[in-house]
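Accompanying notes for the structure given below.
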Amino acid sequence: MEFEEYKQEEQGEEDYVDIYSRKAIFGFAIFSTMYAGVLLIINLWVAGYKQIISQVVLFILGFSFLSRYLVQLLGFKIDVVALQKTIAAKKQFTNEQILQLSSITAIQIGLNVIAGLVLTRYFFKKYFPDDDYYPRPIYRPVIIFIILILFLGFIL
């Protein structure tokens, strides 16, 4: 039949992969560039772009060292001993301590946003240009992230 010749091929299930979405990676990048990079690495691994993983790892490590160097270069230092004494005595933080913590937090969030943009606008867009993927649910990464933050909070 002539009609079947014009029938478009449907994409099979194997053409799609389950990966974390661009929004999920950017959202995690605001809090932790390393964690967002791990999610992107998982995406690349699942999609078969294993040779690109080293580039993402180098970017994450390089950006982490660069951001720490930038914070030190700007002269922001936290008096850890004074913070520990304040916390141990259950006193209120001084205005200077609050200003130091908020300055470093603002700079770090700004740098994390830049890293998130690079991860999503360069790497993600380059290797996943089309929307031919099923977005993976993020409840597992969220739970793991919360556990890591709580665990590392108790250690540090």
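In this note's numbering, the protein residues as written are 922 to 1077.
Note that CB positions come from ideal geometry on N, CA and C, so glycine has one too.
All values reported here derive from a predicted model rather than from experimental measurement.
Q. Taking Cβ to Cβ, would you say I973 is nearer than 9 angstroms to F1044?
A. It is a contact, given that the beta carbons lie within the stated cut-off.
Q. DSSP state of I940, grouped into three classes?
A. Of the three classes helix, strand and coil, the one that applies to I940 here is strand, per DSSP.
Q) Is Y1060 near V938, with beta carbons less than 9 angstroms apart? A) No, these two residues do not count as a Cβ contact at 9 angstroms.
Q. Should A1010 be labelled buried (16 or more other beta-carbon atoms within 10 Å of its own) or exposed?
A. Classification of A1010: exposed, given that the 10 Å Cβ count is below 16.
Q. Given a threshold of 16 other Cβ atoms within 10 Å of its Cβ, counted over all protein chains shown, does R943 qualify as buried or as exposed?
A. By the 16-neighbour rule on beta-carbons within 10 angstroms, R943 is buried.
(Q) Using a Cβ-Cβ cutoff of less than 6 angstroms, which residues in the same chain neighbour L1032 once the five nearest sequence positions on both sides are dropped? (A) For L1032, where only same-chain residues beyond five positions count, the Cβ hits under 6 angstroms are S988.
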